[in-house]
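Counting in this note's numbering, the sequence shown tops out at residue 512, every number present.
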Amino acid sequence: MAPGPAGLRRVERFREKPDAATARQFLASGRHLWNAGIFVFRGETLLGHLARLAPEIGSGLAALVRQPERAAEIYAALPAVSIDYAVMEKLDDIVTLPLDCGWDDLGSWQALYEVLPAGEGGNRSHGATIAVDARDNLLFADAGTIAVLGVEGLVVVRTGDTVLVLPRERAQEVRRVVDALAAAGRADLL
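Right, here's the structure in full:
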């Protein structure tokens with residue numbers, strides 16, 4: 323990374339989620355920064371990158387502008403790919419601003435579990451929850467109340483009238499549920 327004005331540095335290459343051995347090498351070298359997932363673009367710049375590098379997403383966003391009443395249908399048809407893979411890994415004109423701060427990627431249920439304070443039995447919760455004889459669960463209610471009895475290591479989420487329950491160790495597989503809902507024509511739940 324070459325230093326630039328105001329602490330900015332030109333990025334030689336963006337690499338999303340390298341394997342563990344490569345990540346250790348990156349950190350040990352002292353020449354790499356960790357991506358916090360915070361990106362800044364002008365709107366037209368990002369749309370241009372999407373049109374060029376991820377045309378299915380770019381055309382989907384254009385369709386959303388033309389037909390906002392079809393938002394749920396159009397969104398469900400978009401490819402399930404992060405901006406990191408769709409755009410950032412393919413760009414060769416990136417700059418970064420190194421920042422040393424307290425930050426956690428709350429992009430997964432496990433990450434949320436790790437930052438919420440532990441209550442009785444090691445349960446972590448948000449919203450109206452009750453845990454009886456339960457251990458090491460993540461209970462997340464933004465509507466209604468979640469009550470659990472005698473369970474261990476679960477993620478239980480209630481948003482609106484929708485409930486998601488899965489083992490914490492399989493939280494990274496939640497995309498399978500999203501895909502199943504889309505295939506079942508239940509984009510309204512996504």
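A virtual CB, placed ideally from N, CA and C, is assigned to each residue, including glycine. In this text, all values refer to a predicted model and were calculated from it rather than measured experimentally.
How many angstroms separate the CA atom of Ala-385 from the CA atom of Ala-398?
-> 13 Å
Near Leu-486, which residues of its chain fall below 6 Å by C-beta distance, leaving aside the five closest residues on each side in sequence?
-> Val-479
Which class does Asp-415 belong to by DSSP, given the choice of helix, strand or coil?
-> coil
Would you mind stating whether Thr-418 and Leu-471 have Cβ atoms separated by less than 8 Å?
-> no
Would you decide whether Thr-451 is buried or exposed? Buried here means 16 or more other CB atoms lie within 10 Å of its CB.
-> buried
Residue nearest to Met-281 in terms of C-alpha spacing, selected from Glu-338, Ala-493, Asp-510, Ala-433 = With the chain covering only 323 through 512, there is no way to say anything about residue 281.
Beta-carbon separation (whole angstroms), Val-444 vs Arg-457, contact threshold 8 Å = The displayed chain sequence assigns Gly, not Val, to residue 444. Between Arg-457 and Gly-444 the Cβ distance is about 5 Å, and since that is below 8 Å, they are a contact.
What span of residues does the beta strand (DSSP E) with Asp-522 cover, start to end?
-> For residue 522 there is no data in the structure shown, the boundaries of the chain being 323 and 512.
Pro-401 vs Arg-331 beta-carbon contact at 8 Å = no
Can you tell me where the alpha helix (DSSP H) with Arg-446 in it begins and where it stops?
-> First-last for Arg-446: 446 to 454, but that is the beta strand (DSSP E), not the alpha helix (DSSP H).
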